[in-house]
Every structure is written in structure tokens, then in C-alpha cells.
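A short worksheet on the structure shown next.
There are 2 protein chains.
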Amino acid sequence: MDPHLLLKTLRERHHFPQEEFQKFILLFQERFVPKNELLFQQDSVVKHLAFVLKGCLRQYHNTPEGTERTIFFAEEGWWCGEMDSFINRTPSTMSMQALEDCQLIYLNRENWEYATRTIPDYALYQIINRGHTVAKLKNMLSNMATETPDEKYRRILKESPHWINRIPQYHIASYLGVTPETLSRIRKRNRHL
Amino acid sequence: MDPHLLLKTLRERHHFPQEEFQKFILLFQERFVPKNELLFQQDSVVKHLAFVLKGCLRQYHNTPEGTERTIFFAEEGWWCGEMDSFINRTPSTMSMQALEDCQLIYLNRENWEYATRTIPDYALYQIINRGHTVAKLKNMLSNMATETPDEKYRRILKESPHWINRIPQYHIASYLGVTPETLSRIRKRNRHL
DNA sequence: GTAAAAAATTGATTTGAATCAAGAAAGTTC
DNA sequence: GAACTTTCTTGATTCAAATCAATTTTTTAC
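Top to bottom, those sequences are chains A and B. Each step along the first sequence adds one to the number in numbering that gives the first Met the number 0, with nothing skipped, and position 170 is 169. Each step along the second sequence adds one to the number in numbering that gives the first Met the number 0, with nothing skipped, and position 92 is 91.
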């Protein structure tokens, strides 16, 4: 296993000593998830906290009306989990699906608790990182309500252009909150960009 | 100062020993914020992490197009801050405004850091609580994109009916992502509820 | 209590995305 | 590489919320 990506991620917004990392990495297990498989499922308790070494996944919610809503995409260097479900052992409101064959490493609940209790820098990392996640989600919430569909698409072009080639268009449409037909027309309108 | 609401909140999803709380509460300062005043402002670094003892506030974002988008309302027992800005000392993307005269207690950055470092149960509280916040924001994101305006309004009627009498309608409209005119018509349609 | 300002309601019209309905293109499987 | 499936595109139509505009109601300030 190549742990460098994990260490790099842990050090993004704070220091993380090498010695602590040695201890931390031992708590992980490796896992291969084939394309289309679900890493965890809505209405079930999430048992693992996974980190993406290779591949791409999406987190989504099935609405009562039978539609699907994609909340985010996780790529290399992302955590994918549902902490509320994982920590409190409550049913998740989200599912997570591999969009490609994925190489993950993950912690189970027991090892997560042990790591959080005994590695203060990991505890701090989680606080800082989650603060960042919350800020990003709030911005998304604001953008989703105020931007026009064209603006939303252009934001992706600007912030995550590689998604266009990596992720099926109908999933991007769901992420943007528009129908696939509309996204197709938006792309046509913005083809000059 | 009546610290009971804070202790109750800290104990919502995890234990929090009385002794640790005694130490914790000393780090807070009291503050009165009059109606309409801003607790912190977009594009500035957030200097405090506040807890609402009495009153009601809203967090919102000013878009480049000049519109305003309300993200959430904070009432008694809520934290109001912008952790990403507060922790990393980066400009906030959100503003926070008092909708009523508010009684708050708050931590400055220094005391927050001290508390997080020396009170393990507070560190753990933050991890657990933030996980919950993330889950709620994800659900909101899903709801905002899939629910009809009528469904959104009925969700508020169900989950936070007291908002109807406490919060001006045009702020609720902004929170739901519709115009005030539309919310007025929704209310008319749903008057029988 | 009155005047002024802010918020909410109601109506008429416009607009743009959803929906419905085929087809075309790309990807997968044997 | 042919057959099948999935994804994407394009067109016609519908519909619901935004917008524009005016009035009523409520709140605030003096």
C-alpha cells in the first residue's frame, strides 16, 4: 500500500508527525471495490470510514418520490463515509457507489475510536477538516439556490474540469440538480468555452 | 449566566463530565447582540465561536449578483460560527445577523484552542457534532434540489413550525430558495394545514 | 396615535426548465 | 465486429415559479 496520499491529505491544513502516522496507518485495511458496487447503503449503518487511493465514487440520496440525488463525488485523496451514521450507529440517509473500480483503505468503527482517542493530531485533523467540509456544503447550498443552471455548469468547468471526462453526464446533471436533457442543452450553449 | 443550556447541548450525543464543564465554562465571555446587528461578516475572519442562550440569528451569503441566500437559522442551544474561517483564519463566505436581541456566550480563538487541546471530551464533542451537521447539510442539499416548493414549506411546518411566527417570511423564503411572492402563494394554498 | 417604512399579499405576464417522445452516439458483451 | 444496452442529444409542449406591478397589512419611529 502506498500511504503517501493519505499522509499528504492529513497534512493539508495542519501538521501530522511521521511517528503518529506510522501508528495510524497500521489501523487501516485495504479494500477493492469494483465498479457500480455500493460501499454503503441508505437505511443501513455505515461500518467503515474509507479513504480513496484510486478511483471515483459518488454519494447519493434516494428520495421518497423515487428520484436520485447525487451529493458529491469522491476521488483520489478523499474520505468517503457518513460520519453521523458511522459514529452514532444510526441508519445512513445516503448511499455510496463506485463509479470505477476503486482501491480504498478503511478504518472500522473500533479502530477509528482508538485512533481518535490516542492520536490527538488525528482528532484535531477531524475537527479542522470537518469545519472545512461544512463550509463547502454551505457554499454549495447557497450556489444551488442562486446560480442559474448555466452558471452551475461553468463552475464545474472551472473547479473540476476533469469530471467532464471522468463522470457520466447524467450523474453530473443530478449533482447540479437539473435533468440530463437540460445539461445536454447547457453543454451545447456553452460549447465555445 | 445560566450555563445549563450549554451543558445540555454538550451532552446531546455524548457524555460530558461535570468537572470538565466547570473548566470549560470559565473560558467563555458573555455578549449581547442587538437586533439586526452582524455577529460576523462575509470576507472577514470570524473571531469568535458563539453559543446562543437567547435569541435567533440567521447565517447568509451575499452572491455576486447581489441577492442574498439564507443558509440556516440559529436559535437557543445552537452554535453559531464559521469554523473554517475561525480555525484557519481565512475570510468567511458567510455573514451572521441577529434577527432579535440576542444573548450569547462565546469563545475566542485562543480559548477555543486551549479547550480543544486540554478537554478531550470537548474535542470529541466537536467531531461528533460536526458529523451530525454535515449529515444535515447533505440532506438539505438533497431536499432543496428534489422537493417542490410546497413540500419544502410543509417540511418547515413539520420540523420547525415555530419559525413561522418567529422569523420574517422573506427570510424563510430565502432559506427555501423561493421568492417571497411564491412563499406567500404557497401559504395560501396550504392554509388548510 | 399618527406618519413613515417595511413586509406580505394578490394579479398579470414572461420565461426557462421539466416532461414527453424519438433518435443518434457511445460503450459493452459475446 | 455485430447485437444489445446505456448514455446523450434534439425537438415540441407543458407548466410552475420568477418577474413586474400595485395594493394591503403590519411594524417601527417619533
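Glycine is no exception: its CB is placed at the ideal position from the N, C-alpha and C atoms. Just so it is clear, the structure is predicted and the values come from calculations on it, not from any experiment.
Out of curiosity, what's the CA-to-CA distance linking A/L4 and A/L52?
7 Å
With a CB to CB cut of under 8 Å and the five nearest residues on each side skipped, what residues in its chain are close to B/H14?
D120
Rounded C-alpha distance that separates A/V213 from A/K34
Missing from the structure shown is residue 213 of chain A; chain A here goes from 0 to 192 and no further.
Between the C-alpha atoms of B/Y124 and B/W111, what's the straight-line distance to the nearest angstrom?
13 Å
Boundaries of the alpha helix (DSSP H) in which B/V51 is found, first to last residue
Taken as a continuous stretch (DSSP letters only), B/V51 belongs to no alpha helix (DSSP H), being part of the beta strand (DSSP E) at H47 to K53.
Closer than 6 Å by C-beta to A/D42: which residues in its own chain qualify, once you throw out the five before and the five after it? Chain order, please.
P90
Measuring alpha carbon to alpha carbon, tell me which of B/T132, B/S183, B/E29 and B/I185 ends up nearest A/E81.
B/T132
For B/Q102, write down the residues that DSSP places opposite it in a beta bridge.
B/F31 and B/K53
Please work out which residues of its chain come closer than 7 Å, Cβ to Cβ, to A/R68, disregarding the five sequence neighbours upstream and downstream, and give them in chain order.
Y59, H60, T62 and S173
Kindly indicate the opening and closing residues of the beta strand (DSSP E) around A/I70.
E67 to A73
Who are the near neighbours of B/R88 in its chain, counting only those whose CB is closer than 7 Å to its CB and skipping five residues on each side?
V44
Report the three-state DSSP secondary structure of A/M95 (helix, strand or coil).
strand
Would you mind sorting A/F85 into buried or exposed? The rule is 16 or more other CB atoms within 10 Å of its CB.
buried
For my contact list, B/I185 and B/P160 are in at a C-beta cut-off of 8 Å; report their separation, rounded to the angstrom.
Not quite, the Cβ-Cβ distance comes to about 15 Å (not below 8 Å), so this is no contact.
Would you call the region 93 to 108 of chain A and the region 94 to 114 of chain B in contact, with 3 or more CB pairs under 8 Å?
no
Under 7 Å Cβ to Cβ from A/E74, same chain only, skipping five residues before and after it: list those, please.
V51 and C55
Burial state of B/G65, where buried means 16 or more other Cβ atoms lie within 10 Å:
exposed
Return the first residue and the last residue of the beta strand (DSSP E) that B/L26 is part of.
Element bounds for B/L26: n/a, residue is neither H nor E.
Could you check the C-alpha separation between A/N107 and A/A134 for me, to the nearest Å?
27 Å
Beta-carbon spacing of B/I126, A/R129 below 8 Å
yes
Residue span of the alpha helix (DSSP H) that contains B/F85, given as start and end
M82 to N87
Please state whether DSSP places A/W111 in a helix, a strand or coil.
helix
Interfacial residues, the region 166 to 177 of chain A to chain B, with Cβ spacing under 7 Å:
G176
Excluding the five sequence neighbours on either side, which residues of its own chain have a C-beta within less than 6 Å of the C-beta of B/V177, listed in chain order?
P148
Helix, strand or coil: how does DSSP classify B/H191 here?
coil
Which bits of chain B does A/A114 rub up against, with CB to CB less than 8 Å?
Simply none; closest approach about 11 Å.
Using alpha carbons as the reference points, say which of A/R165, A/K157, A/K151 and A/W162 lies closest to A/T181.
A/K151
In this structure, does DSSP put A/V44 in helix, strand or coil?
strand
Simplified DSSP assignment, three categories, for B/F39:
strand
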